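Which chain is which? The protein sequence lines are A and B, in order. The opening position of the first sequence corresponds to residue 0 in numbering that gives the first Met the number 0, with each subsequent residue numbered one higher. The opening position of the second sequence corresponds to residue 0 in numbering that gives the first Met the number 0, with each subsequent residue numbered one higher. Every residue gets a Cβ at the ideal spot worked out from N, C-alpha and C, and that includes glycine. Keep in mind it's a predicted model, so treat the numbers as computed, not measured.
Protein chains: 2
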Amino acid sequence: MTARMVGVLSPVVTPFAADLSPDPGRFVRHCKWLLAHGCAGLAVFGTNSEANSLSVDERMELLEALVAKGVPPDRLMPGTGCSALPDSVRLTAHAVKLGCAGVLVLPPFYYKGVADDGLYRSYSEIIQRVGDPRLRVYLYHIPQVSGVPISVGLIGRLLATFPDTIAGIKDSSNDWKNTQQLLDAFLGTGFAVFTGSETFLLQNLRAGGVGCITAGANVNPHGIDAVYRNWQTAKADQLQSGANAIRGALQSVPMIPALKAVIAHYAEDAAWETVRPPFTGLASSQHHQLLAQLGALDFAMPDIKA
Amino acid sequence: MTARMVGVLSPVVTPFAADLSPDPGRFVRHCKWLLAHGCAGLAVFGTNSEANSLSVDERMELLEALVAKGVPPDRLMPGTGCSALPDSVRLTAHAVKLGCAGVLVLPPFYYKGVADDGLYRSYSEIIQRVGDPRLRVYLYHIPQVSGVPISVGLIGRLLATFPDTIAGIKDSSNDWKNTQQLLDAFLGTGFAVFTGSETFLLQNLRAGGVGCITAGANVNPHGIDAVYRNWQTAKADQLQSGANAIRGALQSVPMIPALKAVIAHYAEDAAWETVRPPFTGLASSQHHQLLAQLGALDFAMPDIKA
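Right under this line is the structure:
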């Protein structure tokens, strides 16, 4: 059985060329930087990766580029949940075949108000069609974006049928009560609970969770990993406060262009600022405000320059 | 310049085989039945087509099957708006190449709360990358499902830049005030306003709209077309009431499995009941209730048996 992932994971931002095509070179470089600076794993193709603006083929090509360039697949948890069942099956099977440690699976997110029976059927079809005992599914709960919540009842049913496959959840609800309910329901079963923001990391670890999968880890992996490594020490709360301050600056403006603007600035590589529609780059006032806030926090990205 | 579509269009339900693969044979047959029984056009791959549960390749193969089997492309308005830009571009270019009269384009629907600038950029990229003067884009406003509304301001900007390409809208908000705002803003410009339900058809025609694109037309194309053909006669309100009663029965249970159950029943072809996840078939109590209501309305689907 594959070792389950714990610690700090980054939903890696996806760099684009000026023509909006994915840029595998910068992507590989950033993934390696993240692993060298505190990330235990890479949840590539998450929400903050603009993954839902990528085609299935683009995702597969980028994942193959990572593995070909030496990023260890046992550190990878690609997002593979799409609106259409065949897309989710194709991406999930591809990730397992490449040896990825797990996959992060959104529910089908176009249709709203569907019954848990239908969501159960969706995850069940993916697992059965992939049909590989190495598959480890992490559920992705982000109802404010997907519009499709993953209930405790649904998780219980999936765990009962697929106890070796359903490995955990990313709870991006930003609602600690939901995270606590998940821990109450499944602690001790091996079901791994990650929060979707570093702001809940210490709270999650103290309550039995295993880490966080967070946008902020794209630029502050070292600071967030410090909370993880020191969570049982006297420094824990202070380290958490430091990570929170940086998160606060990032989320004072739209998150995806913010992450890219920060990387572009500290790497001195303006190409990083490109976002795909439906996003747009930061307004210059937002750009200025963000960098000023980070500067006031003595924020740094060590060794990020190419 | 391509003639613009008017009248009653059906977002055609997509039949699946038992293994959940698309069934082109039943699809072609149903499309031909719809055109023979009152539909002016076919908005294949709409919300009620489970289109967002189909891969890009599946949609392209089904569209090719229609054209190969003699469904006239100038009666087709396939849905081509996806979450990912390259998917929308690929489907749109394919539809134009096949000679489709228009395309119905959802905004990218995963990311929520995006600015109109980003949605403008999204439609603009699709139009420019397809780069074909034959392209006619119908915008698809269904905020309660997509989570991404299309504002009057956005439409105005798109029309100003692409006056020959932006051809109209399907307003599925089920909010007459929104439809009226669209008519107020764009009546006289040639911009075609379709409602997303037959219940607003007569009201829309009287206010200057051109028709409806409605799930109900999958089973009641003749009844809805009768409203369209007679809207300026004394019978109009009575015909609208009749169409409304059938719509009321259909939407008393989940719409997509309802449409498929009705076709299966009247065509005596149980294979039509299959739905893809995240949907499930009707519960037997819902099935019974739906058919009883339609029976009480003397509902019929002439010539539907294979």
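Taking B:H93 as the centre and dropping the five residues before and after it, the same chain places the C-beta of M59 closer than 6 Å to its C-beta, in chain order. At a beta-carbon threshold of 8 Å, none of the residues of chain B lie near A:K31; the nearest stands roughly 26 Å away. Listed as beta-bridge partners of B:L138 by DSSP are B:V104 and B:I168. Below the 8 Å Cβ cutoff, chain B contributes A114, D116, G117 and R120 as neighbours of A:T279, in chain order.
Per DSSP, A:V66 is one residue of the alpha helix (DSSP H) stretching across V55 to A67. In chain order, G146 make up the part of chain A whose C-beta sits under 7 Å from the C-beta of B:G146. Contacts with chain B (Cβ-Cβ distance below 9 Å) from the segment 87–111 of chain A involve R89, L105, P106, P107, F108, Y109, Y110 and K111, listed in chain order. Using a CB distance below 9 Å, the part of the segment 48–79 of chain B facing chain A consists of E49, A50, N51, S52, L53, S54, V55, D56 and E57, ordered along the chain.
Within chain A, no residue has its CB atom less than 8 Å from the CB of B:R228, the nearest being about 33 Å off.
What A:S9 touches in chain B, judged by beta-carbon distance under 7 Å, is nothing: the nearest beta carbon there is about 19 Å away. In the three-state scheme derived from DSSP, where H, G and I count as helix and E and B as strand, A:P21 is classed as strand.
In this structure, B:M254 and B:G101 do not form a Cβ contact; the two beta carbons are roughly 23 Å apart against a cut-off of 8 Å. Around the beta-carbon of B:Q239, 16 or more other beta-carbon atoms lie within 10 Å, marking it buried. Counting along the chain, A:V274 sits inside no alpha helix (DSSP H), nor does DSSP assign it H or E at all. For B:V43, the three-state secondary structure derived from DSSP is coil. The shortest C-alpha to C-alpha distance from A:S87 to any of A:R25, A:S121, A:L75 and A:E63 is the one to A:S121.
Secondary structure note for A:G222: its alpha helix (DSSP H) is the uninterrupted segment P220 to R228. In the three-state DSSP reduction, A:I126 falls in the helix class (H, G or I). When the five nearest sequence neighbours on each side are left out, the beta carbons in the same chain lying within less than 6 Å of the beta carbon of B:L118 are those of P106 and L153, in order along the chain.
DSSP places B:G117 within a helical segment (H, G or I) once states are collapsed to three.
Beta-bridge annotation (DSSP): B:C211 is paired with B:V7 and B:T194.
With contacts defined as CB atoms closer than 9 Å, A:E124 and A:V274 fail to qualify as a contacting pair. Around the beta-carbon of A:P277, 16 or more other beta-carbon atoms lie within 10 Å, marking it buried.
DSSP places A:G247 within a helical segment (H, G or I) once states are collapsed to three. Where B:G37 is concerned, there is no enclosing alpha helix (DSSP H), because DSSP gives it neither an H nor an E. If the five residues before and after B:I168 are omitted, its C-beta is found closer than 8 Å to the C-beta atoms of Y137, L138, Y139, H140, I149, I154, L181, F190, A191, V192 and F193, all from its own chain and listed in chain order. With a threshold of 16 other beta carbon atoms within 10 Å, A:H287 falls short and is exposed. With 16 or more neighbouring CB atoms inside 10 Å of its own CB, A:L204 falls in the buried class.
The continuous stretches of alpha helix (DSSP H) do not include B:A282, and DSSP gives it neither H nor E.
In the DSSP assignment, B:V261 falls within the alpha helix (DSSP H) that extends over M254 to A266. With its beta carbon less than 9 Å from one in chain B, A:S82 belongs to the interface. Against A:E124, the close residues of chain B are P276, in the order they occur along the chain (beta-carbon pairs closer than 7 Å). Among the residues of chain B, those whose CB is under 7 Å from the CB of A:P85 are S54 and E57, following chain order.
Going by DSSP, B:G146 is part of no alpha helix (DSSP H) at all; its letter is neither H nor E.
Collapsing the DSSP output to three states places B:L75 in a strand.
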